[in-house]
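Residue numbers (our numbering): 1251 to 1377.
Structure representation (structure tokens):
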């Protein structure tokens, strides 16, 4: 009886410790990388991933890569307006000529920007 009670207490303590573990700390702005937006993304925690990506975008405001990555997160979160807003901003940064982007990034941004245009409703004058 005492042995069963001990095992039960040990099991309950183990469950409590597992359930009470701390959530991972927020991203440290001093250690952020431009590629952190899509790191450790879970579909069941998209809001959390978006908040983390917001930090990356804020840390690298002149870099189109985090905006391109946040487009993916907004798309997965079914927010096309926010996704298209980010991709337009990424395209503007690439078009400014002040950013040495990788050629594949430019292609990705253009393809995504085109998908935003296809999704946009026609203006009243064209209907």
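Where a beta carbon is used, it is the ideal one built from N, C-alpha and C, also for glycine.
{"query": "Neighbourhood of residue 1273 by C-beta, 8 Å cutoff - its chain only, sequence neighbours within 5 removed", "result": "Low per-residue confidence applies at residue 1273: pLDDT is 42, beneath 50, and the placement is therefore not dependable enough to give any value."}
{"query": "Cβ-Cβ distance between residue 1316 and residue 1307 below 8 Å", "result": "yes"}
{"query": "Residue 1318 beta carbon less than 8 Å from that of residue 1352", "result": "no"}
{"query": "Distance CB(residue 1299)-CB(residue 1323) smaller than 8 Å", "result": "yes"}
{"query": "Exposure label - residue 1345; buried when at least 16 CB within 10 Å", "result": "exposed"}
{"query": "Spatial neighbours of residue 1271 in its chain, beta-carbon cut-off 6 Å, leaving aside the 5 residues before and after", "result": "Residue confidence is low: residue 1271 scores 41 on pLDDT, short of 50, so the model does not pin down where it sits. No coordinate-derived value is stated."}
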